[in-house]
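For reference, the structure is listed below as structure tokens.
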Amino acid sequence: MKQEAMKYETIRVETLTPTIGAEITGIDLAQPLSDQQFHEIHHAFTNHLVVFFRDQKLTTDQHKAFGRRFGELHVHPVAQMPGHPEIIEIKADENSTWIAGEVWHSDVTCLPEPPLGSILYITKTPDNGGGDTLFSNMYRAYELLSEPMRAFLDGKTAMHEGAHVFVGRQGNSADKDYPVSEHPIVRTHPVSGRKCLFVNRNFTTRIVGLNKAESDAVLGMLYQHMERDDLKCRFKWRPNSIAFWDNRCAQHQAMWDYFPLRRYGQRVTIAGDKPY
Numbered sequence: 019m020k021q022e023a024m025k026y027e028t029i030r031v032e033t034l035t036p037t038i039g040a041e042i043t044g045i046d047l048a049q050p051l052s053d054q055q056f057h058e059i060h061h062a063f064t065n066h067l068v069v070f071f072r073d074q075k076l077t078t079d080q081h082k083a084f085g086r087r088f089g090e091l092h093v094h095p096v097a098q099m100p101g102h103p104e105i106i107e108i109k110a111d112e113n114s115t116w117i118a119g120e121v122w123h124s125d126v127t128c129l130p131e132p133p134l135g136s137i138l139y140i141t142k143t144p145d146n147g148g149g150d151t152l153f154s155n156m157y158r159a160y161e162l163l164s165e166p167m168r169a170f171l172d173g174k175t176a177m178h179e180g181a182h183v184f185v186g187r188q189g190n191s192a193d194k195d196y197p198v199s200e201h202p203i204v205r206t207h208p209v210s211g212r213k214c215l216f217v218n219r220n221f222t223t224r225i226v227g228l229n230k231a232e233s234d235a236v237l238g239m240l241y242q243h244m245e246r247d248d249l250k251c252r253f254k255w256r257p258n259s260i261a262f263w264d265n266r267c268a269q270h271q272a273m274w275d276y277f278p279l280r281r282y283g284q285r286v287t288i289a290g291d292k293p294y
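Offset between the sequence shown (1-based) and this note's numbering: plus 18.
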């Protein structure tokens, strides 16, 4: 169940789908948030898993300040903007050979304490209207499994590794140490108290205690299940739009259907805690 509906006094919230996503209007994120604005945005974020804002004009410092209202900013282990280590630059153009996020994932789950969430600010969008981002609800993914499958998964853990994702990208070499972490397959959200699936195609490599064939079969089933259309919303970017997603209970996928056109922006990520 979602949180009880609240009466929003400082923002307007329009639901995108019954399952996930809402667009927030009536606020200028370049200005410091009042306590009431913060409370209402946080409620919408927790309730809808990902929230979107249009027509925002943020400097890098304003972007970071907005993120800091929700927690300490996370520094990515391999992707950092010069002069602003808390910022990840998003850049795809005619010179790109790959983009981050093409595979369904939660951000940097190879870390012992994966991020709480991320705030992506896109300033340049492809002229063809491509480059959408899809989001999927991991609460519902867990709830729609059969009771025997939920019972099988509860208490089990999986390994999340970074090397195969990071090596060869942005100049990262194979001789570095990349994060490896073990997390519960079903985690409990620290705010909502709800259970959700917490494995993903990008970082999860195996289920602890199963042999490779068994692990591959279970993970493959879960990934296919997580990508059901009835768990998703799709956000169509326009210049100066923002997506703020809960990395603990939502997954996302970036569509690269615009090569060689350009898509630019930046992202701040909020530090999280150890899944349980």
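Even glycine gets a Cβ: it sits at the ideal position worked out from N, Cα and C.
Using only the alpha-carbon positions, how far apart do residue i and residue j sit?
i, j, result
"L91", "K230", "36 Å"
"N113", "A272", "18 Å"
"R72", "T141", "11 Å"
"T37", "Q80", "30 Å"
"V93", "T287", "7 Å"
"Y294", "L152", "26 Å"
"P103", "N155", "29 Å"
"F221", "F184", "10 Å"
"Q49", "L34", "25 Å"
"Y157", "D195", "32 Å"
"H123", "Q269", "5 Å"
"I117", "D247", "23 Å"
"S164", "F216", "17 Å"
"G238", "K292", "25 Å"
"N265", "Q55", "21 Å"
"E131", "L47", "27 Å"
"R86", "A235", "40 Å"
"Y160", "V31", "26 Å"
"L67", "E232", "31 Å"
"R280", "A169", "46 Å"
"T115", "G147", "20 Å"
"G211", "R205", "9 Å"
Return the first residue and the last residue of the beta strand (DSSP E) that residue i is part of.
i, result
"R153", "For the sequence presented, residue 153 should be read as Phe rather than Arg. From DSSP, the beta strand (DSSP E) with F153 extends over 151–155."
"K142", "135–142"
"F33", "Residue 33 is actually Thr in this sequence, not Phe. T33 -> beta strand (DSSP E) spans 30–33."
"T37", "From DSSP, T37 is part of no beta strand (DSSP E); its letter is neither H nor E."
"G283", "281–288"
"H123", "Premise fails: H123 is in no beta strand (DSSP E) and is neither H nor E."
"S259", "259–264"
"A272", "268–272"
Kindly indicate the opening and closing residues of the alpha helix (DSSP H) around residue i.
i, result
"V183", "181–184"
"E165", "165–171"
Mind reading off the beta-carbon distance from residue i to residue j? Whole number of angstroms is fine, and I expect it under 8 Å.
i, j, result
"I42", "A62", "6 Å"
"T175", "V226", "5 Å"
"G180", "C128", "4 Å"
"D150", "F253", "6 Å"
"R224", "Y241", "About 13 Å; that fails the 8 Å criterion."
"W255", "T143", "5 Å"
Among the options, which has the Cα closest to the Cα of residue i?
i, options, result
"E245", "V121, D195, T222", "V121"
"E200", "A181, M177, G238", "M177"
"K109", "Y139, P130, L215, I225", "Y139"
"A40", "I260, G148, T77, E131", "I260"
"D145", "G283, Y276, Q284", "Y276"
"F84", "N65, L162, I137, P133", "I137"
"N65", "A289, P278, V209", "V209"
"V198", "H182, V204, H207", "H182"
"I105", "D111, D53, T77", "T77"
"Q284", "E107, R212, G148, H60", "E107"
"K75", "P278, N258, I203, A289", "N258"
Secondary structure, beta strand (DSSP E): runs of 3+ residues fully inside the region 188–253: DSSP assignment within the region 188–253 yields the following whole beta strand (DSSP E) runs of 3 residues or more, N-terminal first: 198–202, 204–206, 213–215, 222–225, 250–253.
Complete runs of the beta strand (DSSP E) confined to the region 50–106 [at least 3 residues]: 68–71
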